[in-house]
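Heads up: the sequence lines are chains A and B, in that order. Numbering follows the working numbering, in which position 232 of the first sequence is assigned residue number 232; successive positions increment by one, without gaps. Take the position in the second sequence, starting the count at 1, then add 1000; the result is the number in the working numbering. By construction, the Cβ of each residue, glycine as well, lies at the ideal position given by its N, Cα and C atoms. What follows is a short report on a single structure.
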Amino acid sequence: MKTRIYLDNAATTKTSQEVVDAMIPYFTENYGNPSSIYELGARSKEAITDAREQIAQVIGAKTEEIYFTAGGTEADNWALKAAYEAYKGKGNHIITTSIEHHAVLHTCQYLEKQGAEVTYLKVDENGLIDLDELEKAIRPDTILISVMFANNEIGTIEPVKEIGLIAKEHGILFHTDAVQAFGQVPIHVDEMNIDMLSASGHKVNGPKGIGFLYIRKGVKIRSFVHGGAQERKRRAGTENVPAIVGLGAAAKRAAQTMEARAAKETELRDYMIGRVLEEIPYVKLNGDPVKRLPNNMNFSFRFIEGESLLIMLDMKGIAGSSGSACTSGSLDPSHVLLAIGLPHEIAHGSLRLTLGEDITKEDLDYTLDQIKEIVNKLRALSPLYEDFVKKQGK
Amino acid sequence: MYSEKVMDHFQNPRNVGEIENASGVGTVGNAKCGDIMRIYLDIDDNQIIRDCKFKTFGCGAAVATSSMATELVKGKTIQEALQVTNKAVMEALDGLPPVKVHCSLLAEEAIHAALWDYAEKHGIKIEGLSKPKSDIHEGEEEEEEDY
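Structure (structure tokens):
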């Protein structure tokens, strides 16, 4: 069935028309290479500078501290690998969390093979790290703390400002993967003592394949991609000008609409969470109820498996996602759901719904009706539910 | 990603349910990996499977393979039911995506487990049937390292 209700905005978003309109001329008319000397090249260069300025404003950074990348994953790779390389003379210890995106986790595992020692901080049942644990994990040879701003699965927002302060006090670099938070919640790199920040365009109604890494002036991490002099020689390669323009426009737009959008989404989110918890038995909300991205909902429905739920929702025109093994391509369910202490079978029955700006209350009412019906249907099929009911009857 | 037949058996699974005082019941898989299958058999004195029901916790493919497996063994003799391999289940469903092949193995194991239970209860030996593994994921390799 045609997707009518798109509730997977943490996966990606619709590129807004405004963003597309801003990009088009940089394909068709202003196609010059920004490094070229003539007017056509200069126009592209100017567009990049404007986009950099737009992004810098959103996070309180200086324009020259924004480096464009091919997305959030590249920005995470760059931040971690280059920081390790630049500071390994000082030490080889990195602190991160057990609930990071794979762009950070797998990069850390790679660095471990290169000789890094990595501490993966545990999180509590809501997905929050413990600041005391962070303090305790710091060693004289700690060179980097990398903690995500907000989790992509359960939406929990980490105490970034407090983490930034701890990092600063100890003179340790602080990187945050803000892919889910950028454009959703206020970010200020100075107030939060953030040294490096990764973000992506397509999570905020911008184009795919573009993101940026904020690198505080003075942080000595070097080039990730070697070649020409683009991005202050730190990330070579002819700039993806249309995408950069799109990212700038999307960032500007997201900042302008953030307050009103967050208020609306938070209301819808809490309305839906309230109804799901009230009207469906044996369901759990994953993630912190309050310190949570405005657009994120994540539930575990006991006795059922997530992929089945997703396919049945899809047949009703609803798009969502799940942390079940079947949707991850491996046998294990989401590492995030396991890290917050969910048993495997409950982690398999998770459903993430992430709001976008077009979603209405009516959409959510329809979605809830469908979820109820599907959960009932799948429970009737479930041997786990059968065992549970028999046990209850005893 | 799924064939029309898989989708049909997922949306309209055949033989869902339980059989009271079943001749044999087999439960295989584990919740850790996200799929559990339970098959109930009603076998008459002539060793013919009169009825077969199932319950499955798992993905679309797990539900569809259980549904198809019950269809394939219903009305068959025990010996015929033993011939219902995971390959036969897959073929009857017009194929499965490679990552879902283990679901068809689970269906085969579930039938074998139910037959084993029947044999044990009745103190008989079924030619060609060995004690099924309770968990088809046992011994399965960890994800390959890719660094």
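>> I'd like to know if the stretch 1017-1035 of chain B and the stretch 1073-1081 of chain B are in contact, where contact means that at least 3 CB-CB pairs between them fall below 8 Å.
In response: No, the stretch 1017-1035 of chain B does not touch the stretch 1073-1081 of chain B.
> With DSSP run on the structure shown, which of helix, strand or coil describes L49 (chain A)?
Replying inline: Per the sequence shown, residue 49 (chain A) should be read as Thr rather than Leu. In the three-state DSSP reduction, T49 (chain A) falls in the helix class (H, G or I).
> Straight-line CA distance for V204 (chain A) to V185 (chain A)?
Replying inline: Approximately 11 Å, taken between the alpha carbons.
>> Using only CA atoms, which one of A:R302, A:A75, A:E65, A:Y120 lies nearest to S198 (chain A)?
In response: Nearest option by C-alpha distance: A:A75.
> For the stretch 254-302 of chain A, which segments carrying the beta strand (DSSP E) assignment without a break, of at least 3 residues, lie completely within its bounds, in sequence order?
Replying inline: Entirely contained in the stretch 254-302 of chain A, the beta strand (DSSP E) runs reaching 3 residues are, in chain order, 283-285, 296-301.
>> Is any non-hydrogen atom of the ligand GTP found closer than 8 Å to the C-beta of M1001 (chain B), if you look at the structure I gave you?
In response: As for the ligand GTP, it is missing from this structure, which has no ligand bound.
> Hey, quick one: how far does the alpha helix (DSSP H) through G164 (chain A) stretch, first residue to last?
Replying inline: Boundaries of the alpha helix (DSSP H) harbouring G164 (chain A): 160-169, taken from the DSSP string.
> Going along chain A in order, which residues have a C-beta closer than 8 Å to the C-beta of T1056 (chain B)?
Replying inline: The CB of T1056 (chain B) comes closer than 8 Å to the CB of L381, S382, P383 in chain A, given here in chain order.
> Excluding the five sequence neighbours on either side, which residues of its own chain have a C-beta within less than 8 Å of the C-beta of E1018 (chain B), listed in chain order?
Replying inline: The residues are Y1040, K1053, K1055.
>> Between R292 (chain A) and T156 (chain A), how many whole angstroms is the CB-CB distance? I'm expecting something under 8 Å.
In response: Indeed they touch by this definition, with Cβ atoms about 6 Å apart.
> In the stretch 315-381 of chain A, which residue ranges form an unbroken beta strand (DSSP E) of at least 3 residues, counting only runs that do not cross its ends?
Replying inline: Listed in chain order, they are 350-354.
> Which partner residues does G211 (chain A) have in the DSSP bridge list?
Replying inline: According to DSSP, G211 (chain A) bridges with A:T69, A:S200.
> List, in order along the chain, the chain D residues whose C-beta lies closer than 8 Å to that of F303 (chain A)?
Replying inline: This model lacks chain D altogether; the protein chains it does include are A and B.
> For T28 (chain A), does the count of other Cβ atoms within 10 angstroms reach 16, so buried, or fall short, so exposed?
Replying inline: Taking a 10 Å sphere around the C-beta of T28 (chain A), we find fewer than 16 other C-beta atoms and assign the residue as exposed.
> Which chain A residues are close to V1006 (chain B), counting only those with a beta carbon under 8 Å from its beta carbon?
Replying inline: Simply none; closest approach about 10 Å.
> Helix, strand or coil for H101 (chain A) per DSSP?
Replying inline: In the three-state reduction of the DSSP assignment, H101 (chain A) falls in the coil class.
>> Going by the DSSP bridge assignment, what does G1026 (chain B) pair with across the sheet?
In response: Beta-bridge partners of G1026 (chain B) (DSSP): B:I1039.
> Taking the DSSP output, what are the residues bridged to C1033 (chain B)?
Replying inline: Within the DSSP secondary-structure output, C1033 (chain B) pairs in no beta bridge.
> In chain B, which residues lie with their C-beta within 8 Å of the C-beta of S321 (chain A)?
Replying inline: None at all; the shortest Cβ gap to chain B is about 14 Å.
> If you measure from the beta carbon of V1063 (chain B) to each beta carbon in chain A, is any gap under 9 Å?
Replying inline: Judged by the 9 Å Cβ criterion, V1063 (chain B) is in contact with chain A.
> Name the chain B residues whose beta carbon is nearer than 7 Å to that of I307 (chain A)?
Replying inline: Correcting the residue type first, residue 307 (chain A) is Glu in the shown sequence and not Ile. Those are C1059, G1060, listed as they occur along chain B.
> Got a sec: is the Cβ-Cβ distance from T1027 (chain B) to anything in chain A below 9 Å?
Replying inline: Under the Cβ distance rule, T1027 (chain B) counts among the residues neighbouring chain A, one pair being separated by less than 9 Å.
>> Using a Cβ-Cβ distance cut-off of 9 Å, determine whether E1138 (chain B) contacts chain A.
In response: Residue confidence is low: E1138 (chain B) scores 48 on pLDDT, short of 50, so the model does not pin down where it sits. Its coordinate-derived value is still stated next. Residue contact with chain A for E1138 (chain B): absent (no Cβ-Cβ distance below 9 Å to any residue of chain A).
> Would I221 (chain A) count as contacting chain B if we go by Cβ distances under 9 Å?
Replying inline: With 9 Å as the cut-off, I221 (chain A) does not count as an interface residue toward chain B.
>> With the cut-off set at 9 Å, would you say G1024 (chain B) and A1088 (chain B) are in Cβ contact?
In response: No, these two residues do not count as a Cβ contact at 9 Å.
> By the criterion of Cβ-Cβ separation under 9 Å, what are the contact partners of G1095 (chain B) in chain A?
Replying inline: Within chain A, no residue comes near G1095 (chain B); the closest Cβ sits about 17 Å away, beyond 9 Å.
> Would the stretch 271-285 of chain A and the stretch 363-377 of chain A be scored as touching if the rule is three or more Cβ pairs under 8 Å?
Replying inline: A contact exists between the stretch 271-285 of chain A and the stretch 363-377 of chain A.
> In three-state DSSP terms, what is I55 (chain A)?
Replying inline: In the displayed model, I55 (chain A) falls within a helix according to three-state DSSP.
>> Which of the three DSSP states is assigned to I311 (chain A) in this structure?
In response: If DSSP states are grouped into helix, strand and coil, I311 (chain A) belongs with the helices.
> What does I1036 (chain B) touch in chain A if you count any residue whose Cβ is under 7 Å from its own?
Replying inline: Per Cβ cutoff of 7 Å: P383, L384.
>> Please return the same chain residues whose Cβ sits closer than 7 Å to the Cβ of V245 (chain A), not counting the five positions on each side in sequence.
In response: Once the five neighbours on either side are set aside, the close Cβ partners of V245 (chain A) are A22, M23, Y26, A47, A51.
>> Which of the three DSSP states is assigned to H175 (chain A) in this structure?
In response: The answer is strand: DSSP assigns H175 (chain A) an E or B state.
> I think V336 (chain A) touches G323 (chain A), with their Cβ atoms under 8 Å apart; what is that distance to the nearest whole Å?
Replying inline: About 7 Å separates the Cβ atoms of V336 (chain A) and G323 (chain A), confirming a contact at the 8 Å cut-off.
> Name the chain A residues that come within less than 7 Å of K1032 (chain B), Cβ to Cβ?
Replying inline: Within chain A, the residues placing a beta-carbon under 7 Å from that of K1032 (chain B) are H344, ordered along the chain.
> Ends of the alpha helix (DSSP H) at I1078 (chain B)?
Replying inline: Segment 1078-1082, the alpha helix (DSSP H) holding I1078 (chain B).
> Between the stretch 1098-1109 of chain B and chain A, which residues of the former have CB atoms less than 7 Å from a CB of the latter, in chain order?
Replying inline: Per Cβ criterion, the list reads V1099.
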